[in-house]
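Q: Respectively, the protein sequence lines represent chains A, B and C.
Under my numbering, the first residue of the first sequence carries the number 1, and numbering increases by one thereafter.
Under my numbering, the first residue of the second sequence carries the number 1, and numbering increases by one thereafter.
Under my numbering, the first residue of the third sequence carries the number 1, and numbering increases by one thereafter.
All residues carry an ideal CB built from backbone N, CA and C; glycine is no exception.
All figures in this text were calculated on a predicted structure; none of them were measured in a lab.
Quick one: structure below, then a few questions.
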Amino acid sequence: MTDTILPLSQLPKGASGTVKYLTAQGQVRRHLLDLGLVAGSRIESIRRSPTGDPTAFNIRGAIIALRNEDADQIFITLDKTMEGKNECHR
Amino acid sequence: MGTLNSTLSSLLSSINQEISAKEQQKIRDSIVSSIYSCAEEISRKAAHHKIDRRFELDQKIDNIITSRMFGIPIMLALLGVILWLTIAGANYPSQLLANSLFWFEGQLTGFFVMVNAPDWLHGVLVLGMYRGLAWVVSVMLPPMAIFFPLFTLLEDLGYLPRVAFILDRYFKKACAHGKQALTMCMGFGCNAAGVISCRIIESPRERLIAVLTNVFVPCNGRFPTLISLSMIFIGGLGAAAYSTAVATAVVVLLILLGVGITLLISWLLSKTVLRGEPSFFTLELPPYRKPQLGRILIRSLLDRTIFVLMRAIVVAAPAGAITWILANTYIGDLSIIAHLAGWLDPFAFLLGLDGIILLAFILGLPANEIVLPIMIMSYLSAGAMLELDSLTALRTLLIDNGWTWLTALSTMLFSLLHFPCGTTLLTIYKETKSLKWTAFAALMPLGTAVIVTFAIAQLAFLLGLV
Amino acid sequence: MNVTDKSLCTAAAYEAFGLRLSKNQLVIALAGNPNTGKSTVFNALTGLKQHTGNWPGKTVLRAEGTFVHRNKKILLVDLPGTYSLLATSADEQVARDFLCLGRPHAVIVVADATCLERNLNLVLQVMEITPKVVVCVNLMDEAARRGIKVDTEVLSRELGVPCIPTVARDGKGLTELKDAVLDVARGVIVTSPRQVSYEPYVEQAAARIESRIRPYLPGWVNHRWVALRLLEGDMSIIKAIIDHLGNGSEQLLLQEGSAVWAR
């Protein structure tokens with residue numbers, strides 16, 4: 001059974017996932033890679049801004065906020081242990 | 001420059017062309033992945049994590065501070081508390097300083113009388129220079145010396161990135177860079193410092209927008225003006241016990257207006273003269289750090305005090321002297337100030353102001369904190385000599401000169417929105433290296449101030465509210 | 001005249017970066033991620049003897065400061081805080097150009113002990129450009145508070161360069177840092193920086209390119225590093241090298257059948 005791949009922007013709060021690939025190009029891609037979002041890295045969704053955007057993620061121990069349209073360009077697989085427990089809240 | 005340099009150049013170009021862009025991206029991804037794998041391996045061996053209590057605490061704090069329910073209210077409340085502490089805390093020191101400085105003025109006058117000094121000399125040096133200095137020190141210094149350390153404390157704690165986190169959506173809608181929230185906050189301390197902080201914004205277009213709009217946030221030099229005026233005219237409307245609270249609320253509202261205008265103008269600029277693509281941005285939320293309270297408060301306090309005193313000596317004293325000269329040199333049967341104010345009156349009335357207020361803003365270009373003193377001295381010279389040792393006396397003076405609640409409001413709005421001070425304009429020139437944009441940085445806010453005060457004044461006149 | 005001797009090339013290189021050195025002064029670069037307390041380290045080392053300006057031709061801020069340690073005069077150049085040297089933002093270019101072309105005598109990379117993995121990204125990249133690196137593991141108190149223990153001995157062993165734990169805010173570890181930097185700069189400590197091993201196809205392609213460009217690049221440029229940048233398609237560093245070399249300070253001459261660099 002294949003893992004579901006979803007954009008990072010749909011990762012529920014408190015859940016974590018593993019980076020599969022990036023659809024971002026050019027400078028944006030480089031920046032995301034430099035932050036450590038290489039394939040196979042773990043990322044956890046921490047919280048959303050009270051205004052809805054951006055969302056704070058735990059990337060390798062640092063809390064970094066990404067805007068929704070940028071999180072849309074990062075594709076992840078949900079961590080197995082969480083898969084059954086969380087529903088997808090947007 | 002040998003031909004072999006160009007051989008190297010063409011060799012490198014041709015190597016570059018041998019690899020397709022797609023291949024290059026694949027290689028780039030691979031390179032970064034490899035570096036991170038190496039980093040992971042090393043850090044697994046060298047760093048060991050136990051349960052991270054501080055991290056959990058930070059998250060708990062952030063969950064409240066940036067929560068849906070409390071995020072924005074907490075932000076506003078913090079702003080209110082800082083302002084309230086500034087207003088309430090500055091009261092006593094201001095009074096103390098005013099009393100001692102004006103007592104000293106009396107001594108000075110006595111000395112001048114004793115040596116039979118000419119009236120005009122006494123006027124320039126004591127009534128002009130010394131008074132200008134005394135005003136800035138007694139009325140402006142205490143609030144500035146309190147606000148700045150408090151703000152630095154907040155900054156040191158690590159709260160500012162949270163503000164950017166909360167406000168980013170609005171800045172995104174205004175097509176401004178996310179970090180502009182941060183540079184805007186820096187402008188609260190000092191607009192010139194705010195302009196320099198805009199260097200954290202990479203793209204020149206978005207950096208320029210941040211620089212141009214930084215002036216809409218009231219800097220330290222403008223706070224005392226806003227606070228004094230709101231205390232006098234609006235605080236006085238309610239019972240004395242609540243006047244501080246009401247004044248605080250008014251200033252908070254003004255600040256919110258300033259933020260709103262920042263967003264609006266940023267949006268306008270990015271749709272008209274500074275069009276372009278929004279750039280990529282991530283915001284790091286660093287852990288909260290326990291600020292070194294003592295060190296900050298004392299360092300900051302000393303720094304600010306020295307800074308204000310220096311400015312007072314370099315800018316306020318000469319400005320006071322010049323104002324006295326202008327107010328006491330007569331051409332015909334009117335002083336120069338009266339002449340100039342007279343010319344400005346018709347235009348000023350349209351904005352709900354009067355000629356002297358406008359003149360004070362113009363003469364106050366070097367530093368914002370001298371605007372109020374210049375205004376007062378101009379009024380004084382036209383009328384009786386008053387001992388200005390309290391806000392009540394100031395109130396009387398202003399009302400005697402035709403001030404209404406509208407005048408106070410227009411003055412506060414004009415102060416909030418008008419052109420940046422001389423230091424800031426110089427800084428803008430140094431950062432942008434463009435005369436054109438520096439001129440724009442002065443004229444655009446002026447235009448905004450004129451439009452807003454005009455609109456409100458005319459509305460008030462129309463509705464017969466004044 | 002085959003010029004690979006550093007001292008002969010240095011003066012002109014530094015002039016190009018707007019730096020003026022006194023005799024026998026060492027140039028140390030200070031690099032690190034943003035938010036690592038790098039400016040605290042800078043201030044702690046240089047005190048009031050600092051001066052802020054811009055990098056020539058850019059609107060990127062630069063702070064320089066001086067200090068003396070064990071009778072040696074040192075000029076500390078603060079590089080912009082960057083996450084990496086690979087992306088093409090102005091900050092990263094400035095940092096990279098200076099490390100590669102400015103040839104500081106040593107580099108201090110400030111790393112955040114609470115966030116070691118991400119910081120090692122920059123450390124490893126810097127080590128690819130120059131072997132004379134000292135890692136300053138700062139914010140050790142924050143790390144301790146958060147239950148993170150960093151073993152700097154193990155780290156030094158793994159990285160092959162000295163790693164000094166510091167709490168710059170309280171001034172702890174700074175003497176050891178200065179000692180290490182001086183020793184590395186003078187060659188008293190010889191570092192063997194860990195090389196990142198890339199995927200085989202990347203390594204092979206890089207090796208092929210390296211052999212083609214080797215005759216044309218000066219000895220002090222890290223050829224493998226340039227080859228990797230070419231593979232990635234990063235022309236900006238290439239252009240920077242060419243510009244720097246083309247400003248007359250060094251020229252490529254043909255001497256006895258091979259190209260050599262000379263002043």
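(1) Within 8 Å (strictly less), CB to CB, does B:A384 reach chain C?
(2) At what residues does the beta strand (DSSP E) containing C:D112 begin and finish?
(3) In chain C, what lies closer than 8 Å to A:G36 by C-beta?
(4) Determine, for C:Y14, whether the minimum Cβ-Cβ distance to residues of chain B falls below 8 Å.
(5) Looking at the unbroken alpha helix (DSSP H) that takes in A:T23, where does it start and where does it end?
(6) Looking at C-alpha atoms only, which residue of C:L21, C:I241, C:P131 is the closest neighbour of C:E267?
(7) Which value, in whole angstroms, describes the spacing of the CA atoms of B:G2 and B:S434?
(8) How about B:V252 and B:T427: do their beta carbons lie closer than 8 Å?
(9) Here's the rule I'm using: 16 or more other beta-carbon atoms within 10 Å means buried, otherwise exposed. How should C:K132 be labelled?
(10) With 16 other CB atoms within 10 Å as the buried threshold, where does B:Q17 fall?
(11) Run through DSSP, which three-state label would C:G32 get?
(12) Could you name the residues of the same chain whose beta carbon sits closer than 7 Å to that of B:V315, not counting the 5 residues immediately before and after it, in chain order?
(13) What does the Cβ neighbour count give for B:E431, buried or exposed, with the cut at 16 atoms within 10 Å?
(14) Let me check one thing: in DSSP terms, what residues is A:F75 bridge-paired to?
(15) Express the C-alpha separation of C:L177 and C:R186 in angstroms, rounding to a whole number.
(16) How would you list, in chain order, the residues of chain A whose beta-carbon sits under 7 Å from the beta-carbon of B:S33?
(17) Here's the rule: buried if 16 or more other CB atoms are within 10 angstroms of the residue's CB, otherwise exposed. What is C:V107?
(18) Can you find a CB in chain B that lies within less than 8 Å of the CB of A:L175?
(19) Put A:G61 into one of helix, strand or coil per three-state DSSP.
(20) In chain B, what lies closer than 7 Å to C:E232 by C-beta?
(21) Should B:I64 be labelled buried (16 or more other beta-carbon atoms within 10 Å of its own) or exposed?
(22) Does DSSP put C:V68 in a helix, a strand or coil?
(23) Can a CB atom of chain C be found closer than 8 Å to the CB of B:K50?
(24) Looking only at its chain, what residues have a beta carbon closer than 7 Å to the beta carbon of C:R289, apart from the 5 residues adjacent to it on each side?
(25) Output the distance between the C-alpha atoms of A:Y21 and A:F75, rounded to the nearest integer angstrom.
(26) Does DSSP put C:Q255 in a helix, a strand or coil?
(27) Bridge partners for C:G53 per DSSP, in chain order?
(28) Alpha carbon to alpha carbon, how far is B:S37 from A:S45? Give it in angstroms, no decimals.
(29) From the DSSP output, which residues share a beta bridge with A:T55?
(30) Does the beta carbon of A:V28 come closer than 8 Å to any beta carbon on chain B?
(31) Note down the Cα distance separating C:A205 from B:H48, rounded to an integer number of angstroms.
(32) Count the other C-beta atoms from every protein chain shown that fall within 10 angstroms of the C-beta of B:R162, then say buried if there are 16 or more, exposed otherwise.
(33) Taking the beta carbon of B:N116 as the centre, do at least 16 other beta carbons fall within 10 Å, making it buried, or is it exposed?
(34) So, helix, strand or coil for C:K149, using DSSP?
(35) Tell me which residues of the segment 62-84 of chain C have at least one Cβ-Cβ distance to chain B shorter than 9 Å, keeping chain order.
(36) Which residues in chain A sit within 9 Å of C:V86, going by Cβ to Cβ distance?
A: Looking at the atomic coordinates:
(1) As a working mapping, residue 384 of chain B is identified with position 384 in the second sequence. Low confidence applies to B:A384: its pLDDT is 39, below 50, so where it sits in the model is not reliable, and the reading given next is rough at best. Not closer than 8 Å to any Cβ of chain C, the Cβ of B:A384 fails to qualify, so no.
(2) Counting from 1 along the third sequence, the entry for residue 112 of chain C is found at position 112. Looking at the DSSP string, the run of the beta strand (DSSP E) that includes C:D112 is 106-112.
(3) Taking the first sequence and counting its residues from 1, the one referred to as residue 36 of chain A is at position 36. Under a criterion of Cβ atoms nearer than 8 Å, the residues of chain C adjacent to A:G36 are, in order, E117, R118, N121.
(4) Within the third sequence, numbered from 1, the residue matching residue 14 of chain C stands at position 14. Contact with chain B is absent for C:Y14, since none of that chain's Cβ atoms lies less than 8 Å from the residue's Cβ.
(5) Locating residue 23 of chain A in the first sequence gives position 23, where the first residue counts as 1. Looking at the DSSP string, A:T23 is not in any alpha helix (DSSP H), and its letter there is neither H nor E.
(6) No information on residue 267 of chain C is available, as it lies outside the stretch 1 to 263 that chain C covers here.
(7) The count along the second sequence starts at 1 and reaches residue 2 of chain B at position 2. The count along the second sequence starts at 1 and reaches residue 434 of chain B at position 434. With a pLDDT of 47 at B:G2, under the threshold of 50, the modelled position of that residue is not reliable, and no figure is offered here.
(8) On the second sequence, position 252 is the one that residue 252 of chain B refers to. On the second sequence, position 427 is the one that residue 427 of chain B refers to. Contact flag unset, no.
(9) Sequence index remark: in the third sequence, residue 132 of chain C carries index 132 (1-based). Taking all protein chains shown into account, C:K132 has 16 or more neighbouring C-beta atoms within 10 Å of its C-beta and is therefore buried.
(10) To locate residue 17 of chain B, count along the second sequence from 1; it is residue 17. Label assigned to B:Q17: exposed.
(11) Mapped onto the third sequence, residue 32 of chain C falls at position 32. DSSP places C:G32 in the strand class (E or B) of the three-state scheme.
(12) Position 315 of the second sequence, counting from 1, holds the residue named residue 315 of chain B. So the qualifying residues of the chain are P366, A367, I370.
(13) The residue labelled residue 431 of chain B in the question sits at position 431 within the second sequence. By the neighbour-count rule (16 or more Cβ atoms within 10 Å), B:E431 is buried.
(14) Walking along the first sequence from the start, residue 75 of chain A turns up at place 75. BP columns for A:F75 point to A:P7, A:Y21.
(15) The count along the third sequence starts at 1 and reaches residue 186 of chain C at position 186. The count along the third sequence starts at 1 and reaches residue 177 of chain C at position 177. Each residue's alpha carbon lies about 14 Å from the other.
(16) Within the second sequence, residue 33 of chain B is the residue found at index 33, counting from 1. By Cβ distance, chain A contributes V38, A39.
(17) Residue 107 of chain C sits at position 107 when you count from the first residue of the third sequence. C:V107 should be labelled buried.
(18) With chain A covering 1 to 90 only, the question about residue 175 of chain A has no answer from this structure.
(19) The residue given as residue 61 of chain A occupies position 61 in the first sequence. Secondary structure at A:G61: coil, using DSSP grouped into helix, strand and coil.
(20) The sequence position of residue 232 of chain C within the third sequence is 232, counting from 1. Per Cβ cutoff of 7 Å: Q24, I27, R28, I31.
(21) Translated into the one-based positions of the second sequence, residue 64 of chain B becomes position 64. With fewer than 16 other Cβ atoms within 10 Å, it is exposed.
(22) The count along the third sequence starts at 1 and reaches residue 68 of chain C at position 68. Three-state DSSP puts C:V68 in a strand.
(23) As a position in the second sequence, residue 50 of chain B is number 50, starting the count at 1. Closer than 8 Å: yes.
(24) Residue coverage of chain C in this structure runs from 1 to 263, which leaves residue 289 of chain C outside it and unanswerable.
(25) For this step, residue 21 of chain A is matched to residue 21 along the first sequence. For this step, residue 75 of chain A is matched to residue 75 along the first sequence. Approximately 5 Å, taken between the alpha carbons.
(26) Mapped onto the third sequence, residue 255 of chain C falls at position 255. Note on C:Q255: pLDDT 44, under 50, position unreliable in the model; no value is reported.
(27) To locate residue 53 of chain C, count along the third sequence from 1; it is residue 53. C:G53 pairs with C:R62.
(28) For the purposes of this step, residue 45 of chain A is identified with residue 45 of the first sequence, where counting begins at 1. For the purposes of this step, residue 37 of chain B is identified with residue 37 of the second sequence, where counting begins at 1. CA-to-CA, the gap between A:S45 and B:S37 works out to about 22 Å.
(29) Residue numbering aside, residue 55 of chain A sits at position 55 when the first sequence is read from its first letter. The partner list for A:T55 (beta bridge, DSSP) reads A:R48, A:L66.
(30) As a first step, residue 28 of chain A must be located in the first sequence, where it is residue number 28. Cβ-Cβ to chain B under 8 Å: yes for A:V28.
(31) If you number the third sequence from 1, residue 205 of chain C lands on position 205. If you number the second sequence from 1, residue 48 of chain B lands on position 48. Rounded to whole angstroms, the gap between the alpha carbons of C:A205 and B:H48 is 37 Å.
(32) Here residue 162 of chain B corresponds to residue number 162 of the second sequence, with the count starting at 1. With 16 or more Cβ atoms within 10 Å of its Cβ, B:R162 is classed as buried.
(33) As a position in the second sequence, residue 116 of chain B is number 116, starting the count at 1. By the 10 Å Cβ count, B:N116 comes out exposed.
(34) Residue mapping note: residue 149 of chain C aligns to position 149 of the third sequence, counting from 1. Assignment of C:K149 by DSSP, reduced to helix, strand and coil, places it in the strand class.
(35) The segment 62-84 of chain C vs chain B, Cβ under 9 Å: S84.
(36) Along the third sequence, read from residue 1 onward, the residue named residue 86 of chain C stands at position 86. It is worth fixing the name first, because residue 86 of chain C is Leu in this sequence and not Val. Within 9 Å Cβ-Cβ: R30, L33, D34.
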